[in-house]
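Residue numbers (the numbering used here), protein chains in the order written: chain D, 1 to 843; chain E, 844 to 969.
Ideal Cβ positions, reconstructed from N, Cα and C, are used throughout, including at glycine.
Remarks on the structure that follows.
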Amino acid sequence: MTTSITKQLLVIGNGMVGQHFIEQFLSRADAAQWQLTVFAGEDRPAYDRVHLSEYFSDANADKLQLAADSFYRDNDVSLKLNEAVLAIDREAKTVTTAKARYFYDKLVLATGSYPFVPPIAGNDKPHCLVYRTIADLEAISASSKDAKVGVVIGGGLLGLEAANALKLLGLEAHVVEFAPQLMPVQLDKDGGELLRSKIAQLGVSVHTDKATSSISEGTEQRLQLNFSDGSVLQTDVIVFSAGIRPQDQPGKDAGLELGARGGIVINNQCQTSDSDIYAIGECALYQGQLFGLVAPGYQMARTAAAVLCGDSSQSFTGADMSTKLKLLGVDVGSIGDAHGRTPGSISLRYRNDLAGEYRKLVLSADGKQLLGAVLVGDNSYYDTLLQYALNGLALPADPHSLILPQSNSKPLLGPAALPDSATLCSCHNVSKGAICAALDGGVQDLAGIKSCTKAATGCGGCAALLKSVVEHELSARGVAVSTDLCEHFSYSRQQLYHLVRVDGIKTFNELIKSHGRGHGCEICKPAVASILASCWNEPVLAKPHVALQDTNDTFLANMQKNGTYSVVPRIPGGEITPAMLISIGKVAEQYQLYTKITGGQRIDLFGATLDQLPLIWQQLIDAGFETGHAYGKSLRTVKSCVGSTWCRYGVQDSVSMAILLENRYKGVRAPHKIKMAVSGCTRECAEAQSKDVGVIATENGWNLYVCGNGGMKPRHADLFATDLTDEQLLSYIDRLLMFYIKTADRLQRTASWMNNLEGGLDYLRDVIIHDSLGLAAELEAQMQLLIGNYQCEWQTVLNDPAQRARFNSYVNAAAPARSEFGFVPERGQLIPTRQLNNKENTL
Amino acid sequence: MSQLAYALENQPEIQQQPVLLCQQQDLVPYSGVAARFAEHAIALFYLPGKEVELYGVSHIDPASGAPVMAHGLLGESKGAFYIAAPLHKQQYQLSDGQCLSDSTLKLQVFNVQLQHGQVWLLPPME
Ligand code: SRM
Ligand SMILES: Cc1cc2nc3c(=O)[nH]c(=O)nc-3n(C[C@H](O)[C@H](O)[C@H](O)COP(=O)(O)OP(=O)(O)OC[C@H]3O[C@@H](n4cnc5c(N)ncnc54)[C@H](O)[C@@H]3O)c2cc1C
Ligand code: SF4
Ligand code: FES
Numbered sequence: 001m002t003t004s005i006t007k008q009l010l011v012i013g014n015g016m017v018g019q020h021f022i023e024q025f026l027s028r029a030d031a032a033q034w035q036l037t038v039f040a041g042e043d044r045p046a047y048d049r050v051h052l053s054e055y056f057s058d059a060n061a062d063k064l065q066l067a068a069d070s071f072y073r074d075n076d077v078s079l080k081l082n083e084a085v086l087a088i089d090r091e092a093k094t095v096t097t098a099k100a101r102y103f104y105d106k107l108v109l110a111t112g113s114y115p116f117v118p119p120i121a122g123n124d125k126p127h128c129l130v131y132r133t134i135a136d137l138e139a140i141s142a143s144s145k146d147a148k149v150g151v152v153i154g155g156g157l158l159g160l161e162a163a164n165a166l167k168l169l170g171l172e173a174h175v176v177e178f179a180p181q182l183m184p185v186q187l188d189k190d191g192g193e194l195l196r197s198k199i200a201q202l203g204v205s206v207h208t209d210k211a212t213s214s215i216s217e218g219t220e221q222r223l224q225l226n227f228s229d230g231s232v233l234q235t236d237v238i239v240f241s242a243g244i245r246p247q248d249q250p251g252k253d254a255g256l257e258l259g260a261r262g263g264i265v266i267n268n269q270c271q272t273s274d275s276d277i278y279a280i281g282e283c284a285l286y287q288g289q290l291f292g293l294v295a296p297g298y299q300m301a302r303t304a305a306a307v308l309c310g311d312s313s314q315s316f317t318g319a320d321m322s323t324k325l326k327l328l329g330v331d332v333g334s335i336g337d338a339h340g341r342t343p344g345s346i347s348l349r350y351r352n353d354l355a356g357e358y359r360k361l362v363l364s365a366d367g368k369q370l371l372g373a374v375l376v377g378d379n380s381y382y383d384t385l386l387q388y389a390l391n392g393l394a395l396p397a398d399p400h401s402l403i404l405p406q407s408n409s410k411p412l413l414g415p416a417a418l419p420d421s422a423t424l425c426s427c428h429n430v431s432k433g434a435i436c437a438a439l440d441g442g443v444q445d446l447a448g449i450k451s452c453t454k455a456a457t458g459c460g461g462c463a464a465l466l467k468s469v470v471e472h473e474l475s476a477r478g479v480a481v482s483t484d485l486c487e488h489f490s491y492s493r494q495q496l497y498h499l500v501r502v503d504g505i506k507t508f509n510e511l512i513k514s515h516g517r518g519h520g521c522e523i524c525k526p527a528v529a530s531i532l533a534s535c536w537n538e539p540v541l542a543k544p545h546v547a548l549q550d551t552n553d554t555f556l557a558n559m560q561k562n563g564t565y566s567v568v569p570r571i572p573g574g575e576i577t578p579a580m581l582i583s584i585g586k587v588a589e590q591y592q593l594y595t596k597i598t599g600g601q602r603i604d605l606f607g608a609t610l611d612q613l614p615l616i617w618q619q620l621i622d623a624g625f626e627t628g629h630a631y632g633k634s635l636r637t638v639k640s641c642v643g644s645t646w647c648r649y650g651v652q653d654s655v656s657m658a659i660l661l662e663n664r665y666k667g668v669r670a671p672h673k674i675k676m677a678v679s680g681c682t683r684e685c686a687e688a689q690s691k692d693v694g695v696i697a698t699e700n701g702w703n704l705y706v707c708g709n710g711g712m713k714p715r716h717a718d719l720f721a722t723d724l725t726d727e728q729l730l731s732y733i734d735r736l737l738m739f740y741i742k743t744a745d746r747l748q749r750t751a752s753w754m755n756n757l758e759g760g761l762d763y764l765r766d767v768i769i770h771d772s773l774g775l776a777a778e779l780e781a782q783m784q785l786l787i788g789n790y791q792c793e794w795q796t797v798l799n800d801p802a803q804r805a806r807f808n809s810y811v812n813a814a815a816p817a818r819s820e821f822g823f824v825p826e827r828g829q830l831i832p833t834r835q836l837n838n839k840e841n842t843l
Numbered sequence: 844m845s846q847l848a849y850a851l852e853n854q855p856e857i858q859q860q861p862v863l864l865c866q867q868q869d870l871v872p873y874s875g876v877a878a879r880f881a882e883h884a885i886a887l888f889y890l891p892g893k894e895v896e897l898y899g900v901s902h903i904d905p906a907s908g909a910p911v912m913a914h915g916l917l918g919e920s921k922g923a924f925y926i927a928a929p930l931h932k933q934q935y936q937l938s939d940g941q942c943l944s945d946s947t948l949k950l951q952v953f954n955v956q957l958q959h960g961q962v963w964l965l966p967p968m969e
C-alpha cells in the first residue's frame, strides 16, 4: 500500500460491533485509501460476548475470539490492545491514550456498554463482581474457588445466564430481582411466573420483589445482603446484573450530544452531532432507543462502513429487538410488542401449567397482523411467529392455531410461504431473496451459503430456519439434497461399498461401467480406490488402481508445498532401538532431509525428491523399517506410554499391546485415517481418549474407548467396554473397525461417524458386543482377510521395476537437482524457500 | 519459486521444429507423466480411446510454483477433462489450461501429438 494520501480512520472499542465494522469496512474497495487504527480497552482482540458463558463450559477463551490474530496484520489494521482512549479533542481532531496522541480524519465510537452497579452501600467489597468481559469471568471463577453460595442481583436475561454460570461453578445459586417477576423487560406477568417456577425446579432460588439496601460482612458466608423488608441472605459471591449503561464517557467529555439517560445520539447514517464522528453498537442512541443486542449493532456497523466509503444507499432505521434463548435449559422467547402496548391491540394466550408452557400473541385491533409474542417452555414456535411479525404477513383466519399444541406437527410457516423480502438472519441482514440469489449463482449447499452470505454466523438464532429454507430451495431447483458421491455415482460411499462387495467388483472401471457414468474425478477415484482396498486389500499401486490414487497414495509419500515429499517409516508403539535410530539418522544425513519428531511418536524426514524416494526407502527397508502409511487413509500410529515395564504406576504392558495393535492393523484402508493409543494406567500418558481407538490398562485387563478425535473438532472418546482380556479387546476392535469401514462416509473419521450413527453408542455396543445384527463373525473374518493380505507397499514397489520407474521425475530427462526445488538453511537443516505470495508466481 | 519455474518464466523460448519428447510406452493411461524440453517442464496426460488422446500442459503449478501438475488426478465433468492440482486441488481444464475455480490462474498449454508410438512437441499453434 503506497498511496501517499492515506487518511486516518480511528475506531475506539474492539468489541463485537467494532470488529464487525472493521470487517465490513475492509470489504469495501475504498478502504485502501484509509489507515485503520483500533483502540481496545481490553487486553485481547474482539471476542464473542454473546457466547461468553461458554467460557465456563470449556474454559477456553481463545475459542471465543472472533478473528485470527493474523487478521489484523494481514489487513494492515493497527490494533492497540489495552490502550483505552482517554480523551477526544474535536478541534485538533486527535484522541489521547495513556501512551500517545493520534490524529484522525474520521472517528468511530464503538465503546459498547458497562454493567450498571446499583448504588448500594458495600457494593465495592471484595467478591462483588459483574458479568461482561472475559476478565470478569476469570474473576468470578477465582472468587468461586472456596465458595459455597452465589447470588445474582438482577433477574433479567443476563442475570439468569450469570446464575447458570454460578451453578456450573458448583455454587448454590440465587437470583434477586427488584420487580415482581423475572425478565420484566421481555416477558409479561404470566410468562415471568412460569419461568420462575421452572427455574426454581432447576435448583436456583428466585427472590422477586426484593430491594437490596446494603451489603455487609457475613457470619456463615463471606457477605450478607440486607433487604429493605428486613430479611437477609448470606453469600460468598455477588454478581451484579442490574442492566447496562452505554459507555459514552469519551463522547460526553468531548461535548457530543447525548440522550437524557445517556447514549451518544446518532442519525440514520450513524453520525453523531459531529459529522466526522460516528457511533455504533450499544453506545449509540437512535431516536431515543438503545440497542442491547448484536443484530442491530451489526446493522449500524454496516451502515457506518458504507457511509464512510461514500455509499449513502445504506441507512439505519431502528431494529427489531426480538430474542429467543435457552436460560438454564428453559426456552424463552420474546417478539416485538410483547407487553401489548400498541393502542387497541388484543391478545391470545395459551397457558399450560402442567407442561410448563406459556404462549401469548399480541395482535393488531383487526386481528390480522402479529405485533408481538411471548413464549416460555417451547421455542419451536418462534421462527414462524417472528417471520409473521417481521414481515407483516397476513395471519391465518384462526391465529390461535399458531400457539396451540398440535398432536402431530407444528404449524410451521413453511419455507415456501416466506416472501423473498423476509429477513432470515437479522445479525447479517440476509433475506430469503439473497439466499435464493446465492443458490442461483452456483452455491450448492448450506456450508456454502453460510460462508458467502454469513447467515447464521452471528448469534446463531436463525440456523434452523436457514437450513430448512436452503434445503427447500435446493430441492425446488432439482438439486435433491443428495448423498451422491459426485456426478459420476448416484450412491453414497456406504452404498458403493455394498455394491463392490455384493458384485465382487475388483476395479474402478468395472464399477463405473456397471453402476456409474462418465470417467470419474478426483472425488470418486480415490474413494473407490479406498473401498477396493478395504474390501480386497490388493496393493494400491497394482496396475488397475494406479491412476485412481491421490498423489500421496501414488507415490506412497506426502507431497510438500515445494513439490518434494516426506518419508515416514513405521515405528510401532513409538519403541525404537538405538541402532534403528542411528540408521534413520544416517539416511537423513546422506540425503540432507529435514528431520522432525512427529506428534505421533515417530520421525518424519522431509524434502526428498520423487527420484530419491525409492533410494531412500531401499536403505530404510534394508535397515529393517516398513512404510508408516503417513500418506494413506489407514492406521497411522499406535501411541504408547512406557507402561508396567518401567513405570512405577503401570498395571499392564502398554508398549507390547501397542506394538501388537499397530502390527495387526497396519495397512488396512479405511474411509479416513485411524489413530490409536495404549496407556499403562489411568494416568493416561498416551492420551488414548483422544484417539479413534483408545486402550487404557486396568488391574483386571483393558478398558476400551472408541471414536475420539483430536484435530479440527476434538471429541473425547466414549468408554465402550471395561476390563477386557487381550482376546476380547482384539475381537472388539476387529469388529468395530470393520463396521466403520463398511458404513462410514467418504473422509469421515470415527468421531463424526459415531455422532451421526443413529442410536449412538448404545447401538454400537449392541452391534459389536451383543452381536445384535448377527454380523460379528463376518466382520472378524473380513478383518482377518485384510490382515492376512498385508504387505509393505514400499517393499512391493521396490521389487517391481515397472512401478519403480514411476518415480522418475521426467520420462525423458535426468533427475532434477534438489536445489531446483528451492531450499534455504534454518537451524542447521534445509527448509523450503519461503514464498510470500503464491499468486505472484503465475506466468 | 523454484528455479525451474523461474527459468520458465524468464525465457519463454519458442521452438520452430517438432521435437521428440518420449515414447508412447512412457505414458500412463488416464494419468500423467512429466517430460522436459529445454527449460520447459511439460505434464503429459494420456487418454487412450478418447477423442483427444494426449494433452500437454505446464508441469508447474501456477498457484505454488512447484513442479507437480503431472501428479494431479485426472477428472471429468460433463464430458470435459480437467486436472486437479495435487497441492490445493484447483481444477484446470486440459483443453485450454483455464483454472475453473480461480479465473486469475491458468496453465500454459503445449501443442503435443502422438504419432507412430512417439510423443512429439510441435511449434505452438497461432
Ligand atoms: C507430521 C505431523 C505433524 C508433526 O510434525 O508432528 C502431521 C502432519 C500432517 N498432518 Fe496431522 N500430523 C501429525 C499429527 C497429527 C495429530 C496428533 C496425533 O496424531 O497425535 C493430529 C490430531 C489428532 C487426530 O488426528 O485426531 C493431526 C491432525 C491432522 C488433521 C485433522 C484431522 C481431523 O480429524 O480433524 C489433518 C487433515 C486430514 O487428515 O484431513 C492432518 C494432516 C496432516 C498432513 C498429512 C497434511 C498434508 O496432507 O500434507 C501433514 C503431512 C505430514 C507429512 O507430510 O508427512 N493432521 N495430525 C504429525 C504426524 C504424526 C505421525 O507420526 O503420523
Ligand atoms: C453474557 C452476555 C450474553 C449476551 N447474549 C446476547 C444474545 O444472546 N444475543 C444478543 O444479541 N446479544 C447478547 N449480548 C449482548 C451483546 O454482547 C452486545 O450487544 C454486543 O457485544 C455489543 O457490541 P459493542 O461492540 O457495541 O460493545 P462491546 O462488545 O461491549 O464492546 C465495546 C468494547 O469497547 C471497549 N471500550 C470501551 N471504552 C473504550 C475506550 N475509551 N477506549 C478503548 N476501548 C474502549 C470495551 O472495553 C469493549 O471491549 C450478550 C451480552 C453478554 C454480556
Ligand atoms: S500411563 Fe501409567 S504406566 Fe503409563 S507412563 Fe503414565 S503412569 Fe506410567
Ligand atoms: S440472526 Fe443472528 S446469526 Fe442469523
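TODO: Would you list the one or two residues that DSSP bridges to Lys-106/D?
DONE: Leu-9/D
Task: Through-space distance from Gly-433/D to Ser-409/D, alpha-carbon basis - done: At Ser-409/D, the pLDDT of 43 sits below 50, so the modelled position is not reliable; the number obtained from the coordinates is stated separately. Each residue's alpha carbon lies about 27 angstroms from the other.
Open item on the list: Strictly below 7 angstroms CB to CB, what residues from chain E border Tyr-810/D?
Closed with: Ala-877, Ala-878 and Arg-879
- [ ] Measuring only between beta-carbons, confirm whether Ser-938/E sits less than 9 angstroms from chain D.
- [x] no
TODO: Flag this pair as yes or no: are the beta carbons of Gly-340/D and Ala-365/D separated by less than 9 angstroms?
DONE: no
Open item on the list: So that I know if they touch, is there some Cβ in chain D lying closer than 9 angstroms to that of Gln-941/E?
Closed with: no
Open item on the list: Going by DSSP in three states, Arg-655/D sits in which element: helix, strand or coil?
Closed with: Per the sequence presented here, residue 655/D reads as Val, with Arg not at that position. In the structure shown, Val-655/D sits in a helix (DSSP, three-state: H, G or I).
Open item on the list: Going by the DSSP bridge assignment, what does Ile-741/D pair with across the sheet?
Closed with: In the DSSP output, where bridge partners are listed per residue, Ile-741/D has none listed.
- [ ] Please confirm whether Gly-156/D and Leu-137/D have their CB atoms less than 9 angstroms apart.
- [x] no
Open item on the list: Could you check whether the Cβ of Glu-882/E sits closer than 9 angstroms to any Cβ belonging to chain D?
Closed with: no
- [ ] Determine whether the Cβ of Glu-969/E lies closer than 9 angstroms to any Cβ atom of chain D.
- [x] Bear in mind that the predicted position of Glu-969/E carries a pLDDT of just 48, short of 50, making it unreliable; the figure below should be weighed with that in mind. No, its Cβ sits nowhere closer than 9 angstroms to a Cβ of chain D.
TODO: Would you check whether ligand 2 has a heavy atom nearer than 8 angstroms to the C-beta of Thr-272/D?
DONE: no
TODO: Examine chain E for any beta-carbon lying closer than 9 angstroms to the beta-carbon of Ser-407/D, and answer yes or no.
DONE: In this predicted model, Ser-407/D has a pLDDT of only 47, less than 50, meaning its place in the structure is not dependable; the value taken from the coordinates is given anyway. So no, Ser-407/D is outside the interface.
Open item on the list: If you follow the alpha helix (DSSP H) that Arg-302/D is in, where does it begin and where does it stop?
Closed with: 294-308
TODO: Give me whichever residues DSSP pairs with Gln-829/D in a beta bridge.
DONE: Glu-826/D
Task: Those residues which DSSP pairs with Ile-335/D across a bridge - done: Ala-373/D
TODO: Could you spell out where the alpha helix (DSSP H) holding Lys-252/D opens and where it closes?
DONE: 249-253
- [ ] Look at the alpha carbon of Pro-825/D and the alpha carbon of Ile-831/D, and state the distance between them as a whole number of angstroms.
- [x] 6 angstroms
Task: Chain-order list of residues whose beta-carbon lies under 7 angstroms from that of Asp-904/E (same chain, five-residue window excluded) - done: Val-911, Met-912, Ala-928 and Leu-930
Open item on the list: Only counting the same chain, and skipping five residues up and downstream in sequence, which positions put a Cβ closer than 6 angstroms to that of Pro-411/D?
Closed with: No answer about Pro-411/D holds up, because its pLDDT of 47 lies below 50 and its placement is not dependable.
TODO: Rank Gly-899/E, Ala-906/E, Thr-947/E and Ser-907/E by C-alpha distance to the C-alpha of Phe-924/E and give the top, closest one.
DONE: Gly-899/E
Open item on the list: Whole angstroms are fine: how far does the CA of Gly-563/D sit from the CA of Asn-841/D?
Closed with: Legend: pLDDT at Asn-841/D = 32, less than 50; position of this residue unreliable, value from coordinates given subsequently. Answer to the nearest angstrom: the Cα atoms are 15 angstroms apart.
Open item on the list: Counting only Cβ pairs nearer than 7 angstroms, list the residues of chain E close to Cys-519/D.
Closed with: Looking at the sequence itself, residue 519/D is His, so the reference to Cys does not match. Neighbours of His-519/D on chain E, chain order: Glu-919.
Task: Exposure of Pro-578/D, with buried meaning 16 or more beta-carbon neighbours within 10 Å - done: exposed
Task: Delimiting residues of the alpha helix (DSSP H) encompassing Lys-326/D - done: Taken as a continuous stretch (DSSP letters only), Lys-326/D belongs to no alpha helix (DSSP H), being part of the beta strand (DSSP E) at 323-327.
Open item on the list: Is Gln-249/D close to ligand 2? I mean its beta-carbon at under 8 angstroms from any heavy atom of the ligand.
Closed with: yes
- [ ] Have a look at Glu-177/D and Ala-135/D and give me their C-alpha separation to the nearest angstrom.
- [x] 25 angstroms
TODO: Using the Cα positions of Leu-863/E and Arg-746/D, report the straight-line distance between them to the nearest angstrom.
DONE: 42 angstroms
TODO: Please classify Phe-508/D: does DSSP put it in a helix, a strand, or coil?
DONE: helix
Task: Chain-ordered neighbours of Leu-525/D on chain E, where CB pairs are closer than 7 angstroms - done: Looking at the sequence shown, residue 525/D is not Leu but Lys. Per Cβ cutoff of 7 angstroms: Leu-916.
Task: chain E residues whose Cβ lies nearer than 9 angstroms to that of Thr-551/D - done: Val-911, His-914, Gly-915, Leu-916, Pro-929 and Leu-930
Open item on the list: Quick check: what's the CA-CA separation for Leu-465/D versus Ile-531/D?
Closed with: 36 angstroms
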